[in-house]
Every structure is written in C-alpha cells, then in structure tokens.
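Chemist: Here it is, the structure in full.
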Amino acid sequence: MKENVLKIVTQRMLKGSKFSPMREPILPVRNKIGIYLHIPFCKVPCPYCPYNRYPFREELKKPYIDAIKKEIDIYKERLDSTKISSLYIGGGTPTIRVRELVEAVEYLKQCFDVNEICVEANPDDLSGESLEALLDSDIKKLSIGVQSFDDDVLKNIGRLSHEGKTAFDAVKRALNKGFDTINVDMMFALPGQTFTHLKRDLETLANLEVPQVTIYPLLLFPYVRMAKDVKAGKTKLPPAKEEKTMYDEIITFLTSHNYEPASVWSFSRKGVEKYGSVEREEYIGIGAGAMSDTVLGVYSNTFAVDEYINTLNKGVLPIAFGHESSKKESMVKWFNMRLYELGFRKEDFSNHFGCTVEETLGSLIRIFRSLKLITIDDDSIKVPKSAFYSIHSITKTFLLTYIAKICEEGMKTPWPKEFEI
Ligand SMILES: C[S@@+](CC[C@H](N)C(=O)[O-])C[C@H]1O[C@@H](n2cnc3c(N)ncnc32)[C@H](O)[C@@H]1O
Ligand code: SF4
1355 MKENVLKIVT QRMLKGSKFS PMREPILPVR NKIGIYLHIP FCKVPCPYCP
1405 YNRYPFREEL KKPYIDAIKK EIDIYKERLD STKISSLYIG GGTPTIRVRE
1455 LVEAVEYLKQ CFDVNEICVE ANPDDLSGES LEALLDSDIK KLSIGVQSFD
1505 DDVLKNIGRL SHEGKTAFDA VKRALNKGFD TINVDMMFAL PGQTFTHLKR
1555 DLETLANLEV PQVTIYPLLL FPYVRMAKDV KAGKTKLPPA KEEKTMYDEI
1605 ITFLTSHNYE PASVWSFSRK GVEKYGSVER EEYIGIGAGA MSDTVLGVYS
1655 NTFAVDEYIN TLNKGVLPIA FGHESSKKES MVKWFNMRLY ELGFRKEDFS
1705 NHFGCTVEET LGSLIRIFRS LKLITIDDDS IKVPKSAFYS IHSITKTFLL
1755 TYIAKICEEG MKTPWPKEFE I
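With positions in the sequence shown counted from 1, the corresponding number in the numbering used here is that position plus 1354.
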C-alpha cells in the first residue's frame, strides 16, 4: 500500500521533465568532477538488459577507441584545469577487449589528473593476465557481473556469456590479485529463481568473503526482449510479493554474515572500502549513449555507435539531447540518490549546492519524515532499516520511469526530437 503511494508520488515528481535536441555540453560548475566512460559492446547481449549495448564487432574496436580519444581531447580543452576525482568505466562490457580499454584509460590519464578508477567486468574476461593488465593501468576497483552462480538461473534469464563455475573462478582469482576493492553484481526476483537458489548464491558470496555485493531486483524496462516475453506468456516472473520476501531474506542473511548495508541494494563487509560510484558528484559521460549530469542539467551522447564515431570524426561533440535543470530539480534528484545510499551528511548538501537542505527542501523532508522514511539529527539525514524497502520502491520507480524513458528514446533514433518524461 505505502509502496503504491510512493510509486505515484515519485512518478508525479518526475513527470513533465522535457528533453530537447542539444549539441553543446552543460559544463560542470565545480573544478573536481567524475568521468563516466561507456563501452557499449557485449559478446552475447542479455534479453533483460535495458542499457545501450550492441553485439561486439571486431572492426568497430579501433574506430570506437579513436572516437573516445577525440571526445577526450575536446573536453580537455573545455575543462582545462578540472581534476577528475573518479573515472568509472561501465557498459556494455568494458573488459571485452582489455588492451583497448587500457589504451583509453592511459589516454585519459595523460589528459587529466585522475584519482581513482573503477571498472565493470564480465567474469569470462577475467584471466589472470587481464586482471594484471587492469591493475598495471591503476584500475584498482573492480565490479564483476555474476548475477547468479547457478547455471539453471543463468540459462533461464538468457545470461549466456558465462557459467556459474566461470564466475566463481573469476571472483576467486580477482580476490587474490590486490585490488583496492571488489564488488560482485547479482540479481534477484528472476524468472525461475527460487529461495534455494538465492540462499546458495548468498552463501557462496559470504564464503568467498567478497568485499561488496550489489544485488539488483530485476528491472523490466518495457522495451527489452524479456518484458515482451513476459507479456506474451513465454517467461514467467515470480509473484510480486516474493520480491519483498527475497529482499528481506538478502538483508537478514548478509547482515548476519558480517556485511552492512552500503546502499539499498549494496552490502559491504565491515571495515572494507566501498566500491565507488560516479553519481556522488557532477560527471561528464564519454562514449556512445553516455549521460552527463551536472548541477545545471543532464545530457546524453547519441546512442548510435556509427553516428558517435562519424560525429567525432568531424571534430564535433556527439551530444544528442538534454535537459536544463532548475536548481530545485537537481537538489531533489541529489536527495533521492543519497537516500538510495541510505543517507548523507547535511554538510555534503551545503557543499554541493551552497545552501542548507532544510532551507530548500523543507517540505520534502517533512513528507519523508512523516512517512517514517528518514530520521534527522543535527548533522545528518538517514534512512532507518524499516524504510529500506520503501526506498527500494522509489529507486525502482525512478529507474523504470526516468531512465527507461531516456534510454528508450535514445535507442529509437540517433538524434531524438523533443520528448517528455
Ligand atoms: C549494465 S551491466 C554492465 C556490466 C556487465 N556487462 C554485466 O553484465 O555485469 C551492470 C549490471 O547491471 C545489472 N543489470 C543489468 N540489467 C538489469 C536489469 N534489467 N535489472 C536489474 N539489474 C540489471 C546487472 O547486475 C549487471 O551486472
Ligand atoms: S547485462 Fe551486461 S553483459 Fe548483459 S547485455 Fe547488459 S551490459 Fe551486456
């Protein structure tokens, strides 16, 4: 019931944001920002995946990396003395060709002062040699996309690029290599996944002492193949109430096995460094379909790889569409992101926006407090454990409303016309 109300409130909050064709970047206001680099290729695209990714073609490898370098060159001029607090490389599959990945990272390091580097990896790419190449290039934070160690679950969801044993061996190998931290991505509420599957996966993770686990509920964006299969009755999802029971089970299991919640969907072993995310700060997105998010607005590159490459070959940034945000809108988005991370220090809000959170988001805070979604003290705003599932629902709605619409429009055509959330 409460979850349904929150869903409607979140949808209303997001409704009406207009995205228009855009060709110039909305530059960050700070001199310390993040960079998100997108590698949109996968060996075998998964039927549930909503992100911008295409089957890998060897002949695109060089032109894509050359285009990335051109985009970096343009931003280098525009961002002159800006420092890069974190470089986050996601996909697609960034590790599909480690040599080219390292080439792009080295180029970025020559152009910018980069602090930490995180990369998303597929288990089947993580040979000992590849792991060493990542470390040699100062990529010290690794996120491995396992989803499940169970072959039946992997087959059921069409995750065909690895088997359970490949994933187990890859995680074990990576754990012995000396990364600063390792995150493992898992999924729950999947077709054909039982509580026994879930429990076995959690036990495997705890036995391996994985530093951080992120476990996403299956998010079915309406345009993905699995959503169409569900609609046609070819794929069956677990009953909706099972998602909550599974979520409760995950929290209970991990918190009783030396993990503590780091966000609504992430759990870190006590005392270990958290796997980073670029979303804490303003960031610039590089690559096909990469989004940039600054205090003054959000914008996206064209999703189409050929258009991305051709545009950069003309010396022009491949920006396709965007949305200038009011300061209030940026604040609300930042606030919701921090609630996903289970809270924030009020000082962080003031440093980010130059005013206090109570001064500007007073009414939103009152609503969240009256719904018992947050607790407030002098220094911070926190999400109590009893509200985790509600924040999970808000985050899900945000992704399925806002991000889904942006991705859908971006994938439909390389240069979308105006659209509204
Ligand atoms: C977009 S992938 C990119 C990295 C890598 N290719 C992989 O699959 O791990 C990052 C993570 O997103 C999560 N993910 C992908 N599709 C999802 C979906 N429909 N619902 C929930 N999580 C999803 C998976 O856990 C995956 O590990
Ligand atoms: S989930 Fe990962 S491997 Fe699968 S299609 Fe998406 S990006 Fe590629």
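Where is the CB? At the ideal position from N, CA and C, for every residue including glycine.
#1: Does the Cβ-Cβ distance between residue 1566 and residue 1502 come in under 8 Å?
#2: Closest by CA to residue 1769, which one among 1654, 1739 and 1692?
#3: Residues in the same chain with beta-carbon distance under 8 Å from residue 1525, minus the five sequence neighbours each way, listed in chain order, please.
#4: Compare the C-beta of residue 1508 against all C-beta atoms of chain B and say whether one is closer than 8 Å.
#5: Let me know the secondary structure DSSP gives residue 1495 once reduced to three states.
#6: Considering only their Cβ atoms, is the gap separating residue 1640 from residue 1380 smaller than 8 Å?
#7: Check whether the segment 1657–1672 touches the segment 1468–1484, counting contact only when three or more Cβ pairs, one atom from each stretch, lie closer than 8 Å.
#8: What does DSSP give as the partner residue(s) for residue 1372 in the beta ladder?
#9: Between residue 1754 and residue 1459, what straight-line distance do the alpha-carbon atoms span, to the nearest angstrom?
#10: With residue 1465 as the anchor, note down where its alpha helix (DSSP H) starts and where it stops.
#11: Within 10 angstroms of its Cβ, does residue 1704 collect 16 or more other Cβ (buried), or is it exposed?
#12: Identify the residues that DSSP records as bridge partners of residue 1541: which are they?
#13: Just the Cα atoms here: how many angstroms apart are residue 1446 and residue 1374?
#14: Taking residue 1570 as the reference, give the member of 1510, 1694, 1486 and 1698 with the closest Cα.
#15: Across the segment 1657–1666 and the segment 1744–1758, are there enough close Cβ pairs to call them in contact, namely three or more that are closer than 8 Å?
#16: With DSSP collapsed to three states, give me the class of residue 1767.
#17: Can you tell me whether residue 1375 sits near ligand 2, meaning its C-beta is under 7 Å from at least one heavy atom of the ligand?
#18: Relative to ligand 1, is the shortest distance from any of its heavy atoms to the C-beta of residue 1474 smaller than 7 Å?
#19: How many angstroms separate the CA atom of residue 1737 from the CA atom of residue 1510?
#20: What separation, rounded to the nearest whole angstrom, lies between the Cα atoms of residue 1382 and residue 1405?
#21: Starting from residue 1390, follow the alpha helix (DSSP H) in both directions and report where the run begins and ends.
#22: When a residue counts only if its C-beta is closer than 7 Å to some heavy atom of ligand 2, which residues count, in chain order?
#23: What do you reckon, are the CB atoms on residue 1521 and residue 1485 nearer than 8 Å?
#24: Let's test the definition: count the other Cβ atoms within 10 Å of the Cβ of residue 1359 and tell me whether it reaches 16, buried, or not, exposed.
#25: Would you check if the distance between the CB atom of residue 1592 and the CB atom of residue 1642 is smaller than 8 Å?
#26: Who are the Cβ neighbours of residue 1494 in its own chain at under 6 Å, not counting the five residues just before and after it?
#27: Please report the straight-line C-alpha distance between residue 1596 and residue 1548, rounded to a whole angstrom.
#28: Is it the case that the segment 1677–1684 contacts the segment 1423–1442, given that we only count it when at least three CB pairs across the two stretches are under 8 Å?
#29: What distance in whole Å lies between the Cβ atoms of residue 1652 and residue 1677, which are believed to be in contact at a cut-off of 8 Å?
#30: For a test of the three-state rule: what should DSSP assign to residue 1478, helix, strand or coil?
#31: With respect to the alpha helix (DSSP H) encompassing residue 1647, which residues constitute its N-terminal and C-terminal limits?
#32: How is residue 1437 classed by DSSP in three states: helix, strand or coil?
#33: Distance, Cα to Cα, residue 1675 vs residue 1550?
#34: Can the beta-carbon of residue 1743 be found less than 8 Å from the beta-carbon of residue 1613?
#35: Could you please give the first and the last residue of the uninterrupted alpha helix (DSSP H) stretch that includes residue 1429?
#36: Give me the residue from 1395, 1420, 1444 and 1398 with the minimum Cα distance to residue 1666.
Modeler: A quick look at the data gives this:
#1: no
#2: Of the candidates 1654, 1739 and 1692, 1654 places its Cα closest to the Cα of residue 1769.
#3: 1477, 1498, 1500, 1536, 1538, 1562 and 1564
#4: In summary, chain B is missing from the structure at hand, where a single protein chain is found.
#5: If DSSP states are grouped into helix, strand and coil, residue 1495 belongs with the strands.
#6: no
#7: no
#8: Beta-bridge pairing links residue 1372 to 1774.
#9: The alpha-carbon atoms of residue 1754 and residue 1459 are separated by roughly 31 Å.
#10: Residue 1465 -> alpha helix (DSSP H) spans 1452–1465.
#11: exposed
#12: 1570
#13: 25 Å
#14: 1694
#15: no
#16: coil
#17: No; taking the cut-off as 7 Å, the Cβ of residue 1375 has no heavy atom of ligand 2 nearer than that.
#18: yes
#19: 35 Å
#20: 24 Å
#21: Per DSSP, residue 1390 belongs to no alpha helix (DSSP H); it is in the beta strand (DSSP E), 1386–1393.
#22: 1396, 1399, 1400, 1403, 1405, 1407, 1445, 1446, 1447, 1476, 1499, 1513 and 1515
#23: In this structure, the beta-carbon distance from residue 1521 to residue 1485 does not fall below 8 Å.
#24: exposed
#25: no
#26: 1533 and 1534
#27: For residue 1596 and residue 1548, the distance between alpha carbons rounds to 10 Å.
#28: Contact between the segment 1423–1442 and the segment 1677–1684 is absent, because fewer than three Cβ pairs lie under 8 Å.
#29: 5 Å
#30: Residue 1478: helix per DSSP, three-state reduction.
#31: For residue 1647, there is no enclosing alpha helix (DSSP H); the enclosing beta strand (DSSP E) covers residues 1645–1648.
#32: strand
#33: 45 Å
#34: no
#35: 1415–1432
#36: 1420
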